[in-house]
Each structure stands twice: as structure tokens, then as C-alpha cells.
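Step one of this worksheet: look at the structure below.
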Amino acid sequence: MVVGVGCSSTGDTSAALSAYCATAGIPSIVFLPANRISIAQLVQPIANRAFVLSIDTDFDGCMQLICEVTAKLQIYLANFLNSLRLEGQKTAAIEILQQFDWVIVPGGNLEIEEVWNNEIGPAGVLNSKEFWSQTLEKTLV
Numbered sequence: 000m001v002v003g004v005g006c007s008s009t010g011d012t013s014a015a016l017s018a019y020c021a022t023a024g025i026p027s028i029v030f031l032p033a034n035r036i037s038i039a040q041l042v043q044p045i046a047n048r049a050f051v052l053s054i055d056t057d058f059d060g061c062m063q064l065i066c067e068v069t070a071k072l073q074i075y076l077a078n079f080l081n082s083l084r085l086e087g088q089k090t091a092a093i094e095i096l097q098q099f100d101w102v103i104v105p106g107g108n109l110e111i112e113e114v115w116n117n118e119i120g121p122a123g124v125l126n127s128k129e130f131w132s133q134t135l136e137k138t139l140v
């Protein structure tokens, strides 16, 4: 039985995770790299009652540690390594693309680019080369 949800984060994932968990009454644990995030990014999970660990490493080090913890304890990993998270993001992206003429997506760690290039383009939902060329052209203008 899963007893909580955890993530490694530099801000956005931990804010969203902790807010959802607080609303749903689910315990959350967040690993943040020490001295590499803003006070605002630190305050959000704390305000949402997450168990927050500030660790003297970078994001990748935090990611390695949360993976070890979630492998040993009944804590659900909510980071990008979770295939269910990626499938959910793909489903949401396809639904959005089918309903709107314009979609603006923040880059983040650009994992969404993999979805565009490897899944949405080949599925015929949109021409990914055309999408990226138009995106870059508009960005550089």
C-alpha cells in the first residue's frame, strides 16, 4: 500500500505535487537541492505540509536519492521517470492539440519535445518538424 507521494524538484514539480497532496490528504515528501532554488520555490511545498529535505547536491543527486527512497518504501514517485506521468502528459497534450488552434507550452526541462518528436508527429496529430521550425522562427524574430 502506498503511504505517500515523493519527488525531486527545483520548484515547479514540488509546488504542484505538494498542493495536490495537501488537497487530497496524501502525505508528500520533496527532495530539493540546497541553495539552488528560490525562497518562493522552497516555501510552496512547506506551506502545503510536505516533508521537505534540502540536500547538498544538484537536481540529479536529489533524483537519485528519491528513486532509492521510493524503491525501498511505499512512496509513489511522481517525477518524469514515472511512465504513468508521461502517458498522462501525452494524453493531455493530444486532447489540447485537437481542440485549440494555438498552444503555448513552457519549456521546462523540454521532456515534452520528446513527446512531440517521437509520438505526436508520427501519430499524425501534427507535423512536428513544422511545429518546431515555426516555434523557433517566432522565438528568434
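At position 13 of the sequence shown the residue is numbered 12 (numbering that gives the first Met the number 0), and the sequence of numbers has no breaks. The beta-carbon is built from N, C-alpha and C at its ideal position, and this holds for glycine as well.
Residues of its chain near L52, where Cβ-Cβ distance is below 6 Å and the 5 sequence neighbours each way are ignored:
For L52, same chain residues with a beta-carbon under 6 Å away, outside a window of 5 residues either side, are F30 in chain order.
When you compare only the Cα positions, how much space is there between L64 and N78?
For L64 and N78, the distance between alpha carbons rounds to 12 Å.
Check whether the Cβ atoms of S17 and P44 sit closer than 7 Å, and answer yes or no.
Against a cut-off of 7 Å, the Cβ pair of P44 and S17 comes out as a contact.
Residue(s) in a DSSP beta bridge with P32
Under DSSP, the beta-bridge partners assigned to P32 are I54.
DSSP state of G24 mapped onto helix, strand, coil:
Coil.
Going by Cα to Cα distance, which pick from A49, N34 and V42 is closest to G24?
Minimum Cα-Cα distance from G24 among the listed residues A49, N34 and V42 corresponds to A49.
Tell me whether L142 is buried or exposed, calling it buried when 16 or more other Cβ atoms sit within 10 Å of its Cβ.
Residue 142 cannot be examined here, being either before or after the span of the chain that is shown, 0 to 140.
Is L74 near G10, with beta carbons less than 7 Å apart?
Here residue 74 turns out to be Ile, not Leu, going by the sequence shown. For I74 and G10, no; Cβs fall outside 7 Å.
Just the C-alpha distance for M0 and L72, rounded to the nearest angstrom, thanks.
Whole-angstrom Cα-Cα distance: 10 Å.
Under the criterion of a Cβ to heavy atom distance below 6 Å, does R35 qualify as lining the ligand FMN?
Of ligands this structure carries none, so the ligand FMN is not represented either.
Distance, G3 Cα to R84 Cα:
Going by C-alpha positions, R84 is about 16 Å away from G3.
The alpha helix (DSSP H) enclosing C85, as first and last residue numbers:
At residue 85 the sequence reads Leu, which differs from the Cys that was named. L85: member of the alpha helix (DSSP H) spanning S82 to Q98, first to last residue.
The alpha helix (DSSP H) enclosing V1, as first and last residue numbers:
Careful: V1 lies outside any alpha helix (DSSP H) and carries neither H nor E.
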